[in-house]
Each structure stands twice: as structure tokens, then as C-alpha cells.
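Trainee: For the numbering used here, count along the sequence shown from 1 and bump the result up by 8.
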Amino acid sequence: MNEDGVIDNKDMTDLGNAQPKFYGGFNQTFRYKNWDMSLMFNFSVGNKVYNANKLEYSTQYLYKDNNMSADVANRWMMV
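1) Assuming contact is defined by CB atoms lying nearer than 9 Å, are Asn55 and Lys29 in contact in what I supplied?
2) Could you pull the DSSP bridge partners for Val53 from this structure?
3) Give the DSSP-derived three-state secondary structure of Leu23 in the structure shown.
4) Between the Cα of Gln36 and the Cα atoms of Met48, Ala78, Asn59, which residue gives the shortest distance?
5) Would DSSP call Asn10 helix, strand or coil?
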């Protein structure tokens, strides 16, 4: 963070709060004759969290045979 070329305690910074400013959700159920469908949505807004899905779906972190996201479809890679 201080760009002195040394990684030490002076480079530590506060990345934000993991607690959301607000959160919520809703659900809906549809029924028609012998068919039904339920939807559930939840959300949180205003929190800073680590995106582990980006690591999982954009790199070959642990496994070479896992699915990748579309962001990496046209990248060059060495096998």
C-alpha cells in the first residue's frame, strides 16, 4: 500500500465492513393444475466480502477438469 517495495505491517489497510447495510429476500409459489414452481431470492447490499467464486471458476486452483466461467473462454493458456 505504501509502495516502498517491502511487504510489512505498514502495508495493512482496512478493506471494509463484512456486515451488509441491509439484506432481505422474498419467495413466490405458483401452482397450476398438477404443476407447481417455487422461487426464492435473497440479497445483501453494502458489504465487502471475498469472492471465492471468482477464484473457483476463473483459475485451475485445485482441479484441471472443473468448469470455467465465460470470462476465460478465449484466453491463451499453456498446457
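C-beta: ideal position from N, C-alpha, C; glycine also.
Keep in mind the model is a prediction, meaning the values are calculated, not measured.
Mentor: For this structure:
1) Taking the sequence shown and counting its residues from 1, one reaches residue 55 at position 47. Taking the sequence shown and counting its residues from 1, one reaches residue 29 at position 21. Yes, the pair counts as a contact, with Cβ atoms nearer than the cut-off.
2) If you number the sequence shown from 1, residue 53 lands on position 45. Partner(s): Phe30.
3) Position 15 of the sequence shown holds residue 23. In the structure shown, Leu23 falls within a coil segment according to DSSP collapsed to helix, strand and coil.
4) Position 28 of the sequence shown, counted from the start, is the residue given in the question as residue 36. The option with the nearest alpha carbon to Gln36 is Met48.
5) Numbered from 1 along the sequence shown, position 2 holds the residue referred to as residue 10. Reduced to three states, the DSSP call for Asn10 is coil.
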